[in-house]
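Worksheet: the structure to be examined is printed underneath.
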Amino acid sequence: MSDGAHRASAPRRRSALRGESGLHWRSALHWRSALRWETGLALVVVIIGIVGASVSPQFLTSNNLFNLGLSNGEIAIMTLPMTLIIISGEIDLSVASILGMSSALLGVLWSHHWPMLGIFFLVAVVGLAAGAVNGLLVTRFGLPSLAVTIGTLALYRGIATILLGPNTVANFPTTYTNLGVNAVPFTGNALTYSAALFIVLAVIFGVVLHATPFGRSLFAMGASAEAARFAGIRVKRIKTILFMVSGLVCSLAGVLWTFRLDTAVQNNGLGLELDVVAIVLLAGVSIFGGKGSIIGVVLAVLAFAGLQNALLLTNFNEEAAGIVTGALLLLSVFGRNAASLSGRLGKWLPERAGPAPGHPGADPSQIPPTGSTPP
Amino acid sequence: MSRSERPPAAAGAGARRLTERAFRIRESGIIVVLIVFVAVTTSVQHRFLNTTNIQFILINTTVFALLALGETMVVISRNYDLSVGSVLGLSAYLSANLFGQHHGIPIVVVFLAGLGIGLACGLLNGIMVSAGRVPSLVVTLATLYIFRGVDILIVGGKEVVASSLPGAFLNIPRATVIGIPDLAIVIAAVIGIGAYYLRSFRSGRELYAIGSNPDAARLAGIPVGRRVFVAFTVSGAIAGVAGVLWAAQYGTIDSTAGTGYELQVVSAVVVGGVAIFGGSGSAVGAALGALLLNTISSALYVLGISPFWDQAIWGFLLILAITVDRFIAVRLAVALRLRGARGE
């Protein structure tokens, strides 16, 4: 609920940040279309719940909700920093590799009889460092984050492979592996620790993104990094921090993953980056930056997890569930384009009269639907 | 001759020469790295430069170099095709499976089938990107999942095994002329044609223009949508053919064929000097990038370094390549500005 309140205040601050009163109505339009998107997502989640429950009586049981959290907790956690990074106009494809590297490091150190607290500390430091490398290459060298993080995707996974080779480390202490497979007390056995952590982190990320100057600056730099820099926002530093936060959160996800499966292997979490990006885009976050909300991401996580789970219960080939993820992703972008198109048709005159958008091309929905619009 | 008499066209030609020289430097850079790598490896382990190993490297490179050609067209136009691995997998299974279903089917027909499957996938990508005006990263990320999912639904737990494939088909990657694999020669010719097209044909040049600045290209009257559409269609078709070659090379095809190739192909293209944000690079460079990455994998193996180092080194090289590109681009921009200032 508090999330909703924060969102409500968001557009006003956004236009204030742009400092152009002429853009007020435009921000309001964005806000309305964003609201519609998230309402649509909420509807989808409800429909998945209803259909799932009618197809399988197990769907809405606490046992199944627990499984749902179990199989999606780490992915869900990684979507949060990804959301911030994409809103700021960058992307981090190395998330799953950082997860794998952390998992491998945890395994290696544990097999060398390190104390668990020392391991946690080192894994967190390595996660931060991995994010810092991404961030510094992107901000200080001026390299595109897409290319950098494809490189570090290979690099970090490669380091995981070097660390563990073909070996598997198992037999972690049950105190910790129980965290991976037990439910949080007093939640009716429905909530895994990873899901609980996701909820806590979602609230924190939501507050930071929607209710702090730091969060507002992410939208500003996503809309136009140049303009944000002139407005006094330390774009490079903030983006580096975002990549570091992403590294840290992904190393946490790596630890959770390792304990849940009680296994550290070099290919833990292989390919998850695509799931994470797909969820964030499904949430209505613009791939070009400057647009999105945490509540949307939470809903998208629910839709994603619910759909995968419902398919599983209906004996759909589990590995082919990617079809549904892909279709959802396509629907989300095409749906959004159609919405902005119809919105534009209705608002055609005011749009013509209004000033040109500050950064055309920064947002797919802002690109005029046809190149042949008469001047 | 006073400076003012210098026609602006000459300055433009000069700038173009400078840009072309930078390109050449970038490509010869890869060749130098390749030569150094081969020389060092050979001096440590003489076995590296024997015929079998060279043939092995060339054959392994063909599929990647072919995929890199299609990807180059797409990346030059400031787009991405992440679905190539899935298209390859789908085409590999469906086309190779034809041998089991229709005994005595001509190999040409199987290649045409692979081409058709790839073409269909590429058309789908192209329509959504150019007509739907959706960023290609998102579209091809989605179709990466969808094509792979369709593949998994069709294949299930089955697989095509080498014994069900005709010997002539399996021999395609193994036939050689004076020690050089036939296939490598054919692929080199195809890449040569592709490079020539991109460099010298109007529609090829227009892909560079689109990648440099899509809005300016549109204003200049370039049919951006159509060009991008064709680039995706060609990339899909190439991935389809690459799938058939993959099947001939490995013989055993299940639903995981080509998984993760998209990132390897993008790596090869970027290491080969194609700018990740479009507008520059060449098909030959991309093929050299694929050759370099495969040579490195093979060298590590020959040197007795665990193949587990492969990926880390690939990643490091990729980052190095984009850093070098950035450096060259900045230097080039400065040089062009200076030259422009002198020309006035």
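Line by line, the protein sequences give chains A and B.
Quick note: the first sequence uses numbering that gives the first Met the number 0, first residue 0, plus one each step.
Quick note: the second sequence uses numbering that gives the first Met the number 0, first residue 0, plus one each step.
Positions of the beta carbon are idealized from the N, C-alpha and C atoms, including for glycine.
Give the straight-line distance between the Cα atoms of residue i and residue j, rounded to the nearest whole angstrom.
i: A:Thr324; j: B:Ser82; result: 14 Å
i: A:Trp347; j: A:Asn336; result: Here A:Trp347 scores only 47 on pLDDT, less than 50, and its place in the model is too uncertain to base an answer on.
i: B:Val353; j: B:Ile151; result: Nothing in the structure corresponds to residue 353 of chain B, since chain B is present only between 0 and 343.
i: B:Ser163; j: B:Leu299; result: 34 Å
i: B:Ile179; j: B:Ser281; result: 24 Å
i: A:Ala304; j: B:Ala67; result: 35 Å
i: A:Val44; j: A:Thr38; result: 10 Å
i: A:Ala282; j: A:Val276; result: 10 Å
i: B:Thr139; j: A:Asn177; result: 39 Å
i: B:Gly148; j: B:Ser266; result: 24 Å
i: A:Ser1; j: A:Leu42; result: Any reading at A:Ser1 must be qualified, since the residue scores a pLDDT of 39, below 50, and its modelled position is unreliable; the value itself is stated next. Taking the straight line from one Cα to the other gives about 20 Å.
i: B:Arg201; j: B:Asn124; result: 23 Å
i: B:Leu65; j: B:Gly191; result: 11 Å
i: A:Val172; j: A:Val264; result: According to the sequence provided, residue 172 of chain A is Pro. The question's Val does not apply to it. So the alpha carbons of these two residues sit roughly 17 Å apart.
i: B:Phe315; j: A:Gly141; result: 17 Å
i: A:Ser20; j: A:Ile118; result: Unreliable placement is indicated for A:Ser20, whose pLDDT of 42 sits below 50; the coordinate value is still reported in the next sentence. If you take the alpha carbons of A:Ser20 and A:Ile118, they lie about 53 Å apart.
i: B:Thr51; j: B:Ile275; result: 35 Å
i: B:Ala91; j: B:Gly113; result: 7 Å
Between which residues of its own chain and residue i is the CB-CB distance below 8 Å, once the five residues before and five after are set aside?
i: A:Leu200; result: Ile76, Leu79 and Val248
i: B:Ala174; result: Pro180, Asp181 and Leu182
i: B:Val109; result: Ser94, Ala95, Leu97, Phe98, Phe168 and Val243
i: B:Thr41; result: Phe47 and Leu48
Based on the DSSP secondary-structure assignment, which residues constitute the bridge partners of residue i?
i: B:Ile179; result: B:Val176
i: A:Val379; result: Only positions 0 to 374 of chain A appear in the structure, and residue 379 of chain A is not among them; the question remains open.
i: A:Ala182; result: A:Thr191
i: A:Ala263; result: A:Val168
i: B:Val159; result: B:Ile252
Here's a check: name, in chain order, each residue in its chain whose Cβ is nearer than 6 Å to the Cβ of residue i, leaving out the five neighbours to either side.
i: A:Arg25; result: Because A:Arg25 sits at a pLDDT of 49, beneath the cut-off of 50, its placement in the model cannot be relied upon, and the following sentence gives the value as read from the coordinates. There are no such residues.
i: B:Gly193; result: Leu68 and Ala282
i: A:Gly253; result: Leu98, Ser101 and Ser102
Between residue i and residue j, is the Cβ-Cβ spacing less than 9 Å?
i: A:Val202; j: A:Thr191; result: no
i: B:Ser234; j: B:Gly99; result: no
i: B:Leu335; j: B:Leu17; result: yes
i: A:Tyr155; j: A:Ala123; result: no
i: A:Ser193; j: A:Gly270; result: no
i: B:Asn59; j: B:Asn293; result: yes
i: B:Tyr207; j: B:Leu218; result: no
i: B:Ala286; j: B:Leu87; result: no
i: A:Ala95; j: A:Gly268; result: yes
i: A:Ser55; j: A:Leu312; result: yes
i: B:Leu317; j: B:Val269; result: yes
i: A:Thr387; j: B:Phe36; result: Lying outside 0 to 374, the shown extent of chain A, residue 387 of chain A is not represented and no answer is given.
i: A:Ala326; j: B:Ile145; result: yes
i: A:Val244; j: A:Thr82; result: no
i: B:Ser76; j: B:Arg204; result: no
i: B:Ile116; j: A:Pro143; result: no
i: B:Gly121; j: B:Ala238; result: yes
i: B:Ala130; j: B:Gly250; result: no
i: B:Gly288; j: B:Ile53; result: no
Within 10 Å of its beta-carbon, does residue i have 16 or more other beta-carbons around it, so buried, or fewer, so exposed?
i: A:Glu73; result: buried
i: B:Arg25; result: buried
i: B:Leu319; result: exposed
i: A:Phe120; result: exposed
i: A:His209; result: buried
i: B:Gly155; result: exposed
i: A:Ser250; result: buried
i: B:Pro172; result: buried
i: B:Tyr195; result: exposed
i: B:Gln310; result: buried
i: B:Ile56; result: buried
i: A:Ile278; result: buried
i: B:Arg330; result: exposed
i: A:Gly179; result: buried
i: B:Asn170; result: exposed
i: B:Ala247; result: buried
i: B:Pro213; result: buried
Below 7 Å CB to CB, which residues in the same chain sit around residue i once its five sequence neighbours on both sides are set aside?
i: A:Ala320; result: Gln307 and Leu310
i: B:Pro165; result: Phe98
i: A:Ile286; result: Ile85 and Leu280
i: B:Gly259; result: Gly84
i: A:Thr138; result: Lys235, Lys238 and Thr239
i: B:Asp253; result: Val154 and Glu158
i: A:Ser110; result: Val168
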